[in-house]
Amino acid sequence: MALLEIHDVTKHFGEFAAVNSVNIAIEAGEFFTLLGPSGCGKTTLLRMIAGFDQPDSGQILLDGVDIVSIPPEKRPIHTVFQSYALFPHLTVESNIAFPLKMSGKTPDEIRSRVKESLDNVRLTSFANRFPHELSGGQKQRVAFARGLINRPRLLLLDEPLGALDAKLREEMQIELINLQQEVGVTFIFVTHAQNEALALSHRIAVMNQGGIEQIDDPSKIYNFPRNRFVASFIGKINMLDVQVLEATSPQLRLSVMGLGEVAAPWRQGIKTGDKGVIAIRPEQVQILHYSENLGVADHFTGKVHDYLYVGDVTTYIVELCNGLLIEALLPNSTPGRAKLFEIGDSVVVTWQYEASTYLNG
Ligand SMILES: Nc1ncnc2c1ncn2[C@@H]1O[C@H](COP(=O)(O)OP(=O)(O)OP(=O)(O)O)[C@@H](O)[C@H]1O
Ligand SMILES: [Mg+2]
766 MALLEIHDVT
776 KHFGEFAAVN
786 SVNIAIEAGE
796 FFTLLGPSGC
806 GKTTLLRMIA
816 GFDQPDSGQI
826 LLDGVDIVSI
836 PPEKRPIHTV
846 FQSYALFPHL
856 TVESNIAFPL
866 KMSGKTPDEI
876 RSRVKESLDN
886 VRLTSFANRF
896 PHELSGGQKQ
906 RVAFARGLIN
916 RPRLLLLDEP
926 LGALDAKLRE
936 EMQIELINLQ
946 QEVGVTFIFV
956 THAQNEALAL
966 SHRIAVMNQG
976 GIEQIDDPSK
986 IYNFPRNRFV
996 ASFIGKINML
1006 DVQVLEATSP
1016 QLRLSVMGLG
1026 EVAAPWRQGI
1036 KTGDKGVIAI
1046 RPEQVQILHY
1056 SENLGVADHF
1066 TGKVHDYLYV
1076 GDVTTYIVEL
1086 CNGLLIEALL
1096 PNSTPGRAKL
1106 FEIGDSVVVT
1116 WQYEASTYLN
1126 G
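For reference, each letter of the sequence shown is one residue, going 766 to 1126 in the numbering used here.
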């Protein structure tokens, strides 16, 4: 049995369905992420798990028991918010100890648990400081420690790193992974940053307009998006309009409007005549000089339209012979060589067919 099961949960605000027929099962020990654009219903779903809001319909089961009618403070679930929500007049130590005091633990137990917790988040030497004497990252670590001190079954984290600058955010991501491994508590993490979701999670639920588009591990979400929304929301991706010419395992033969034929991996349920797109990540696209065009199966000719050099990689934008633009990301791994192609160069664009995905619709 999963630790948390969400069955067909719906929540309206007036006529508007903020969360619409959501089904998720989360296993004990998972780092599970809700990822989606602003307004897609992530916080609303989290608030129902925490008990701050009630679903209109559906069930939320923890260890098989429906918790919908249990008030938030009686659920073995804790929430960490982006705004930290620390008590300004309490020291780091007292902030962390607060939930233990509320639940009536003995002073000895409180002392030893707080000591261990301070150590977990590397704040032992900050125990007597007040929140206004801490950096953003330190405040967030106090909030994590306080969220975990009562050993909840589930820790809900609503954009906890949203207020931090990019570098600190990256450091805190690594700390968060380590902390989750150390304490073994199940995390449900909310973010609208796709890189953060890919870096942290065991599994990701991609949400859109109150519903779930795909639940999978990060590499499946990235490499095998189930539909156009997931493909375009996670990272950069090229999409070319195509029609299915032939649909026999193991390959689909597709016709790219105005260019020619191309193959993609076969999948169940796709029929000759279907229309859709072929999706291909920029780092899977290869560019060859026109004269290098030796025996690559699927390829298109074009001209380098533009490029963007960003140090470790260069993004080239190639205009194909039908006028479409396609992006290719090339590593600059050869020292001293920042540019492989110039604007206007005649090139051939190609990719391994296994690296592409056909998406209907
Ligand atoms: N109390 C409320 N009353 C009316 N509408 C609400 C309420 N809370 C949320 N909504 C609406 O429900 C939708 C989902 O909101 P929610 O806060 O869950 O989004 P979110 O995915 O967390 O977005 P963000 O990434 O911006 O935090 C939004 O359109 C929002 O305006
Ligand atoms: Mg939110």
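Glycine included, each C-beta is placed from N, C-alpha and C at the ideal position.
With a cutoff of 9 Å on beta-carbon distance, Leu1105 and Ile1052 are scored as near each other. When only Cα atoms are considered, Val1113 and Val1050 end up about 10 Å apart. Its Cα nearest to that of Asp1006, the residue Gly1041 stands out among Phe852, Gly1041, Ile1035. Exposure of Arg916 is indicated by the presence of fewer than 16 other C-beta atoms within 10 angstroms of its C-beta. By the criterion of a C-beta distance shorter than 7 Å, Ile986 is surrounded in its chain by Ile969, Val971, Gln979, Val995, Ile999, once the five residues flanking it on both sides are discounted. The beta carbon of Thr798 sits no closer than 8 Å to any heavy atom of ligand 2. When DSSP states are grouped into helix, strand and coil, Thr809 belongs to the helix group. Residues of the same chain with a CB within less than 7 Å of the CB of Ile875, apart from the 5 flanking positions on each side, are Ala862, Leu865, Lys866 in chain order. By the beta-carbon neighbour count (other beta carbons within 10 angstroms, threshold 16), Pro820 is buried. Linking Ile939 to Leu800 through their CA atoms gives a straight-line distance of about 18 Å. With respect to Ser997, Asp982 sits apart: the two C-beta atoms are not nearer than 9 Å. In the three-state reduction of the DSSP assignment, Val995 falls in the helix class, which pools H, G and I. As the crow flies, the alpha-carbon of Asp923 is around 18 Å from that of Asn943. A residue is called buried once 16 or more other Cβ atoms fall within 10 Å of its Cβ, and Val1075, having fewer, is exposed. By the C-beta density criterion, Leu811 is buried, having at least 16 other C-beta atoms within 10 angstroms. Pairing Ile1082 with Tyr1072, the inter-Cα distance amounts to about 6 Å. DSSP places Asn1087 outside both helix and strand once states are collapsed to three, so it counts as coil. A contact is defined here as three or more CB-CB pairs under 8 Å, and the stretch 792–809 fails this definition with respect to the stretch 845–852. Here Ala910 carries a helix assignment [DSSP, helix/strand/coil]. Take Asn1125, set aside five residues on each side of it, and the residues of its chain with a beta-carbon closer than 7 Å to its own are Ile1035, Asp1039, Gly1041, in chain order. Boundaries around Glu978 are those of the beta strand (DSSP E), 976–981, since no alpha helix (DSSP H) includes it.
Burial is judged here by how many other beta carbons sit within 10 angstroms of a residue's own beta carbon; Ile789 has at least 16 and is buried.
Going by beta carbons, Pro925 and Leu941 fall inside the 9 Å limit.
Remark: C-beta atoms of Thr889 and Leu768 do not approach each other more closely than 9 Å. Short note on Ser890: C-beta not closer than 8 Å to any heavy atom of ligand 1. When C-beta atoms of the stretch 829–838 are compared with those of the stretch 895–912, fewer than three pairs fall below 8 Å, so the two segments do not count as touching. Distance from the C-beta of Pro802 to the nearest heavy atom of ligand 1 is below 8 Å. Per the coordinates, the alpha-carbon of Leu1085 lies some 13 Å from the alpha-carbon of Tyr1055.
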